[in-house]
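Read in order, the letters of the sequence shown are residues 82 to 269 in our numbering.
Think of the CB as a built atom: it goes at the ideal place given N, C-alpha and C, for glycine as much as any other residue.
Structure first, then comments.
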Amino acid sequence: MNETVDRLLALAIERGAIKYGDFTLTSGKKSSYYFDGRLLSLDPEGTHLISAALLPLLHQAGAQAIGGTTLGADPIVAAVALASHLDGRPIPAFIVRKESKSHGTKQNIEGPLQPGSKVAIVDDVCTTGGSLFHAIEAAEEAGCTVVKVVSLLDRNEGGSEEMRRRGYDFAALLAATPEGKIEPVADQ
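Shown next, in the form of structure tokens:
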């Protein structure tokens, strides 16, 4: 998997997914760098690399479905679902809305998620873990057990530590140093 993640990092650099400057993140925090995971998760090679890196982690964890909060997780879960089908070990995808629908079924989760499923939760970036925790809560309220939590990038700003503190099996493909350098994560 290291070659896959190394290539993913190289692609992030090639596609300009890592930017340096002054940015305000979704969490409201200020940052000297920005990681645009969608430049990878919506790229043909990027989706292939992400799926190739994530599938072994999901199979090892026994995940029966993969989901996350819209919009960061949408292309990731779709790519992994397709790759898992092509691999002959299908893992269906689901998407957690940021807010429940106010009409129709008023559901919070879209997709074929079955109560009792063991699920993996993904997102493109983990800073404070807010989006990941939102998806975890929705999956658990739907009667599922979260067996793995993964982000493409761990900014190492408290979110991953809080995941682990709460007992979730967290992994990231890439991690940021305190200086904002993005590096592959060696061990999962």
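Just to confirm, is the Cβ distance from residue i to residue j under 8 Å?
i, j, result
"residue 215", "residue 177", "yes"
"residue 148", "residue 154", "yes"
"residue 203", "residue 234", "no"
"residue 200", "residue 227", "yes"
"residue 134", "residue 89", "yes"
"residue 161", "residue 198", "no"
"residue 237", "residue 256", "yes"
Please classify residue i as buried or exposed, where buried requires at least 16 other C-beta atoms within 10 Å of its C-beta.
i, result
"residue 167", "exposed"
"residue 208", "buried"
"residue 111", "exposed"
"residue 165", "buried"
"residue 173", "buried"
"residue 179", "exposed"
"residue 241", "buried"
"residue 128", "buried"
"residue 113", "exposed"
"residue 104", "exposed"
"residue 258", "exposed"
"residue 99", "buried"
Measuring only the C-alpha atoms, how far is residue i from residue j?
i, j, result
"residue 254", "residue 188", "31 Å"
"residue 223", "residue 196", "6 Å"
"residue 125", "residue 137", "20 Å"
"residue 115", "residue 169", "36 Å"
"residue 96", "residue 252", "23 Å"
"residue 247", "residue 217", "11 Å"
"residue 157", "residue 102", "26 Å"
"residue 163", "residue 175", "13 Å"
"residue 239", "residue 264", "17 Å"
"residue 249", "residue 152", "22 Å"
"residue 122", "residue 87", "15 Å"
"residue 118", "residue 139", "20 Å"
"residue 83", "residue 190", "33 Å"
"residue 192", "residue 120", "24 Å"
"residue 94", "residue 85", "14 Å"
Write down the C-beta distance between residue i and residue j rounded to the nearest angstrom, noting that I regard them as a contact closer than 8 Å.
i, j, result
"residue 106", "residue 130", "Not quite, the Cβ-Cβ distance comes to about 24 Å (not below 8 Å), so this is no contact."
"residue 211", "residue 108", "6 Å"
"residue 229", "residue 144", "6 Å"
"residue 244", "residue 194", "Rounded, the Cβ-Cβ distance is 20 Å, inconsistent with contact."
Taking 8 Å as the threshold (beta carbon to beta carbon), is residue i in contact with chain C?
i, result
"residue 257", "The question asks about chain C, but that chain is absent: this structure has only one protein chain."
*asked:* Quick check for students: name the residue ranges of the beta strand (DSSP E) that lie wholly in the region 105–140, counting only runs of 3 or more.
replied: Complete beta strand (DSSP E) runs here, min 3: 111–116.
*Can you give, in chain order, each stretch of the beta strand (DSSP E) that sits fully within the region 184–250 and has at least 3 residues?*
Runs found: 199–207 and 226–235.
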